[in-house]
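J.: Chains as they are written, first to last, in this note's numbering: chain S, 17 to 130; chain F, 7 to 121. The beta-carbon is built from N, C-alpha and C at its ideal position, and this holds for glycine as well. Following this message is one structure expressed as structure tokens.
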């Protein structure tokens, strides 16, 4: 039962270009979405989030877009840098009436080549 | 910058033994969580804890698991009788004040190996 899906297990991008990571969800109760970055042997590090009342949130090189009708969100990184190479997890929560437990996708491994 | 810490970083145990994984959440946070990630799989929610009690738990969090906040700083996960399939990375996370939608901050994880 994959409520949060990241269908691309890996993505390779040239330094300086845009990286686009995609995520789909099935549960219409989700109203808060987050992207985490994870290096091997470390915990997930929060990157950026978006509430369902918005369709875009930007923070420096990172922008998250939310399309509620398609139950789809994407993370854009521009320009991509070699230090961005990591596994990126999409996560979702249904905050109303709960403690916001996160449901994670399987992750996309991003490789940014110099 | 405040961070979530976890000890030990790696725990090796024999099947059937009890283990306690320890976490120190960020000091002014009120919500606490445990997640786990089996090698090659996604991060899975185990349990959330608020106001000194479990608020939600997943199917994974059966009677072999328990959580405790024994003092004002520590948050522990106990596995009473470990099984081979409990081998995983266990992540603690914490979140800020009630009523504010905000992100969860994760610790570096404890790698549990059950032999």
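Give a yes or no on whether 8 Å exceeds the smallest Cβ distance from residue 66 of chain S to chain C.
T.: In the structure shown, chain C does not exist; the protein chains are S and F.
J.: To the nearest whole angstrom, what separates the beta carbons of residue 118 of chain S and residue 104 of chain S, a pair I think is in contact under 8 Å?
T.: Not a contact, Cβ separation roughly 14 Å.
J.: What residues from chain F crowd round residue 119 of chain S, counting only those whose CB sits closer than 8 Å?
T.: Taking a Cβ-Cβ cut-off of 8 Å, the neighbours of residue 119 of chain S in chain F comprise 51, given in sequence order.
J.: Can you tell me where the beta strand (DSSP E) holding residue 49 of chain F begins and where it ends?
T.: 49-56
J.: Only counting the same chain, and skipping five residues up and downstream in sequence, which positions put a Cβ closer than 7 Å to that of residue 58 of chain F?
T.: 75
J.: Taking Cβ-Cβ distances shorter than 8 Å, what residues in chain F pair up with residue 58 of chain S?
T.: 114, 115
J.: In three-state terms, what does DSSP make of residue 92 of chain F?
T.: In the three-state reduction of the DSSP assignment, residue 92 of chain F falls in the helix class, which pools H, G and I.
J.: By the three-class DSSP mapping on this structure, what secondary structure does residue 100 of chain S have?
T.: Correct three-state label for residue 100 of chain S: helix.
J.: Are any of the Cβ atoms in chain S nearer than 8 Å to that of residue 67 of chain F?
T.: no
J.: Using a beta-carbon distance below 8 Å, is residue 122 of chain S in contact with chain F?
T.: It does; some Cβ of chain F falls within 8 Å.
J.: Between the stretch 21-50 of chain S and chain F, which residues of the former have CB atoms less than 7 Å from a CB of the latter, in chain order?
T.: 48, 50
J.: Can you tell me where the beta strand (DSSP E) holding residue 26 of chain S begins and where it ends?
T.: Counting along the chain, the beta strand (DSSP E) containing residue 26 of chain S begins and ends at 26-30.
J.: Please report the straight-line C-alpha distance between residue 26 of chain F and residue 19 of chain F, rounded to a whole angstrom.
T.: 11 Å
J.: If the cut is a Cβ gap below 9 Å, which residues of chain S does residue 96 of chain F touch?
T.: Going along chain S, no residue has its Cβ under 9 Å from residue 96 of chain F, so there is no contact; the nearest lies around 10 Å.
J.: At what residues does the beta strand (DSSP E) containing residue 46 of chain S begin and finish?
T.: Per DSSP, residue 46 of chain S belongs to no beta strand (DSSP E) and is neither H nor E.
J.: Relative to the C-alpha of residue 108 of chain S, which residue among S/77, S/85, S/40, S/30 is closest?
T.: S/40
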